[in-house]
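Read through the structure below, which is laid out as structure tokens, and then see the notes.
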Amino acid sequence: MLLPTPTPSILLIYTGGTIGMIENQETGTLENFDFDQVLSYVPELKRFNYHISSYQFDPPIDSSDMEPTLWAKLVRIINFNYDFYDGFVILHGTDTMSYTASALSFMLENLSKPVILTGSQLPIGTLRTDGKENLITSIEIAAAKNPDGTAIVPEVCIFFENLLMRGNRTTKINAENFNAFRSFNYPPLATAGVHIIYEPHLIRKPAPEKPLKPHYSLDTNVVVLSLFPGIQQNFISSILHIPGLKAVVLRTYGSGNAPQKEWFIKLIKDAIDRDIVIVNITQCQLGIVEMKRYETGMHLMGTGVISGYDSTPESAITKLMFLLGHELSPREIKVKMNSCLIGEITK
Ligand code: ASP
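Residue numbering for the sequence shown follows the numbering used here, beginning at 105 and increasing consecutively.
Here it is in structure tokens:
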């Protein structure tokens with residue numbers, strides 16, 4: 105006799121973003137509106153036959169106002185509801201979605217259920233909205249199970265347009281097109297067309313016996329420093345002497361190259377000697393840092409700068425916040441930055 109499969113249950117968390125916005129008739133700007141109204145635009149959800157509950161941020165926010173305290177709030181909501189749902193879908197503005205996805209991937213240790221972030225480029229109430237399909241497919245992915253009852257995608261992901269991507273590999277690349285996100289250095293985990301085609305060999309396998317371990321603490325004494333030809337010594341010096349600064353994501357050229365000027369190398373070395381962790385990532389969207397490839401990279405490596413491999417800026421900065429939040433020593437942080445914690449770098 106076949107046992108009835110239990111009805112999937114999904115928690116929909118609405119943080120804000122274009123998906124739930126409406127045009128202000130007087131000013132023409134997009135403003136947030138109530139989540140129940142958002143859902144009324146998607147009557148198709150009833151056809152799923154899933155238990156879908158929702159939690160709404162009050163007030164909903166444009167994702168440009170996203171903050172680490174709100175990432176901790178999301179972790180709290182997921183942890184509190186973890187045993188009651190098969191998966192979680194987070195509706196989020198696209199502008200900082202990759203930062204949130206990256207942060208959550210580190211903060212939700214031992215995750216064994218799907219956490220799918222999605223949003224849209226056009227509000228859900230508009231005729232050509234991309235929000236409906238993004239939401240419907242995200243819910244389907246969050247509920248998808250293997251024959252043994254485990255989740256097909258037990259990861260923090262972004263689903264957008266037709267691609268399911270590992271969240272900490274994503275970057276927003278387009279403010280106009282519906283295909284707004286890319287995962288340049290890791291292939292998509294699934295592609296949605298007529299069917300949703302999953303790539304099991306690319307999806308992480310959690311240890312099911314380990315309970316979810318939520319982390320809440322992040323340290324934001326970090327900065328991103330992007331190099332450009334002509335950057336001035338006093339600018340770099342000022343940044344590296346910000347009081348309280350603990351870590352820097354240094355965006356270099358090509359395969360991790362930087363100027364060889366004496367003052368530059370000296371400033372970097374001096375910062376590292378003051379226990380500031382400096383992580384080298386490339387300004388190229390595709391590819392990996394290889395400091396040994398060119399002399400310019402070798403000079404940088406000699407200062408004690410560590411490689412960020414093929415990390416996105418979003419992932420590197422949130423990983424640093426996460427590690428600093430655990431009050432690890434600079435040495436321990438360097439070891440962890442050089443380890444792949446949750447699929448965020450290729451090693
Ligand atoms: N400004 C909006 C946000 O990030 C853009 C969007 O949702 O696409 O909240």
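Ideal placement from N, C-alpha and C gives every residue a C-beta, glycine not left out. Values in this document were obtained by computation on a predicted structure and should not be read as measured data.
Pro304 burial status per 10 Å Cβ neighbour count (16 or more: buried):
Exposed, by the Cβ-count rule.
What would DSSP say about Tyr302, mapped onto helix, strand or coil?
DSSP, reduced to helix, strand and coil, places Tyr302 within a strand of the structure shown.
Length of the line joining the Cα atoms of Thr119 and Pro164:
The straight-line gap from Cα to Cα measures roughly 5 Å.
Between the alpha carbons of Glu213 and Pro318, how many angstroms are there, rounded?
When rounded, the separation of the alpha-carbon atoms in Glu213 and Pro318 is 6 Å.
Pull up the distance between the alpha-carbon of Ile340 and that of Gly223, whole angstroms please.
Straight through space, the alpha carbons of Gly223 and Ile340 are spaced by roughly 36 Å.
State the beta-bridge partners of Leu212 as determined by DSSP.
Leu212 is bridged by DSSP to Pro318.
Measure the alpha-carbon distance for Leu354 versus Tyr398 and round it to whole angstroms.
If I take the Cα positions, the gap works out to 17 Å.
Spatially closest choice to Asn281 from Gln225, Ala176, Ile446, Ser144, by CA coordinates:
Nearest to Asn281 by alpha-carbon distance, out of Gln225, Ala176, Ile446, Ser144, is Gln225.
Can Ser224 be considered in contact with the ligand ASP, in the sense that its beta carbon sits closer than 8 Å to one or more heavy atoms?
Ser224: yes, Cβ under 8 Å from the ligand ASP.
Check: Gly229 C-beta below 8 Å from any heavy atom of the ligand ASP
Outside the cutoff, so no.
Report all residues from its chain with a CB closer than 7 Å to the CB of Asn136; omit the five preceding and five following residues, and keep chain order.
Answer for Asn136: Gly120, Gly124, Met125, Pro163, Pro164, listed in chain order.
In this structure, what does DSSP give as the bridge partners for Glu313?
By DSSP's assignment, Glu313 forms no beta bridge with any residue.
Buried or exposed by the 16-neighbour rule on C-beta atoms within 10 Å, applied to Ser167
By the Cβ-count criterion, Ser167 is buried, with 16 or more other Cβ atoms from all chains shown falling within 10 Å of its own Cβ.
Closer than 8 Å: is that where the CB of Gln162 sits relative to any heavy atom of the ligand ASP?
Rather than Gln, the amino acid found at residue 162 in this sequence is Asp. Incorrect: Asp162 has no Cβ contact closer than 8 Å to the ligand ASP.
Measure the Cβ-Cβ separation of Phe188 and Ala247 and say whether it is below 9 Å.
No; because the gap between Cβ atoms is not below 9 Å, this pair is not in contact.
Buried or exposed: Ile245, going by 16 or more other Cβ atoms within 10 Å of its Cβ?
With 16 or more Cβ atoms within 10 Å of its Cβ, Ile245 is classed as buried.
Neighbour-count burial assignment, Phe263, 16 or more Cβ in a 10 Å radius
With 16 or more other Cβ atoms within 10 Å, it is buried.
Any chance the CB of Ile165 is under 8 Å from a heavy atom of the ligand ASP?
Yes; taking the cut-off as 8 Å, the Cβ of Ile165 has a heavy atom of the ligand ASP nearer than that.
Between which two residues does the beta strand (DSSP E) containing Met170 stretch?
Per DSSP, Met170 belongs to no beta strand (DSSP E) and is neither H nor E.
With a Cβ-Cβ cutoff of 9 Å, do Ser202 and Thr275 count as a contact?
Yes, the pair counts as a contact, with Cβ atoms nearer than the cut-off.
Under the assumption that Asn185 contacts Leu115 (Cβ atoms under 8 Å), give the Cβ distance between them as a whole number of angstroms.
Contact between Asn185 and Leu115 holds: CB atoms are separated by about 5 Å, below the 8 Å threshold.
Quick one: give me the first and last residue of the alpha helix (DSSP H) that Arg435 is part of.
Where Arg435 is concerned, the enclosing alpha helix (DSSP H) stretches over 434-441.
Close Cβ partners of Ile410 (< 8 Å) along its chain, the five nearest in sequence each way excluded:
Once the five neighbours on either side are set aside, the close Cβ partners of Ile410 are Val381, Ile382, Val383, Asn384, Lys438, Met441, Asn442.
Give me the Cα-Cα distance between Gly229 and Tyr145, rounded to the nearest whole angstrom.
It is roughly 6 Å from the alpha-carbon of Gly229 to the alpha-carbon of Tyr145.
Note down, in chain order, each residue of its chain lying with its Cβ closer than 6 Å to the Cβ of Ser321, except the 5 sequence neighbours on either side.
So the qualifying residues of the chain are Gly429.
Taking the runs of the alpha helix (DSSP H) that are 4 residues or longer, which of them lie wholly in the segment 333-414?
List check, alpha helix (DSSP H) in window: 337-344, 366-377, 399-407.
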